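Below is one structure, written out as structure tokens, with a few remarks after it.
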Amino acid sequence: MYIAMNRFRVAKGSESAFEQVWLTRDTHLDKVPGFVEFHLLKGPELEDHTLYASHTIWANHAAFEAWTKSEAFRAAHARAGDHKPSYLGHPQFEGFEVIQTVGGGAK
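According to UniProt numbering, the sequence shown is numbered sequentially starting from 1.
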């Protein structure tokens, strides 16, 4: 498995608008081979921003790379620059190969 994350520092007061963009967009992920799961995470609130992360799980690194070169990727990110003023700096990408997974099971 491979996990791809982008961290976003969202300017104070822009959190609702940022979340709305993510909640209403068509990600096109369901059309991509190797896609497993997506999460939008809200982190700590700091003095000038709130930290968010997009967290996508892929079958493997090759599936993620194929996504970044796909028409679905271009469609999903076509208007990404429209909302840049709510960010402090550029999103920070982090990619991880999964070394170990421990399942919790239903309780």
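Glycine residues also receive a C-beta, built at the ideal position from the N, C-alpha and C atoms. Note that the structure is predicted; figures quoted are calculated from it, not measured.
By the Cβ-count criterion, histidine 49 is buried, with 16 or more other Cβ atoms from all chains shown falling within 10 Å of its own Cβ. Residue environment analysis places threonine 68 among the exposed positions, since fewer than 16 neighbouring C-beta atoms fall within 10 angstroms of its C-beta.
In the three-state scheme derived from DSSP, where H, G and I count as helix and E and B as strand, lysine 31 is classed as helix.
Taking 8 Å as the upper bound for CB-CB distance, glycine 34 and alanine 66 are in contact here, some 7 Å apart. When DSSP reads this structure, glutamate 45 sits in a beta bridge with Thr50.
If you look at glutamine 92, you'll find it in the beta strand (DSSP E) that goes 92 to 97. Counting other Cβ atoms within 10 Å of its Cβ, valine 32 reaches 16 or more and is therefore classed as buried.
Our two residues, glycine 89 and threonine 101, have alpha carbons roughly 32 Å apart in a direct line.
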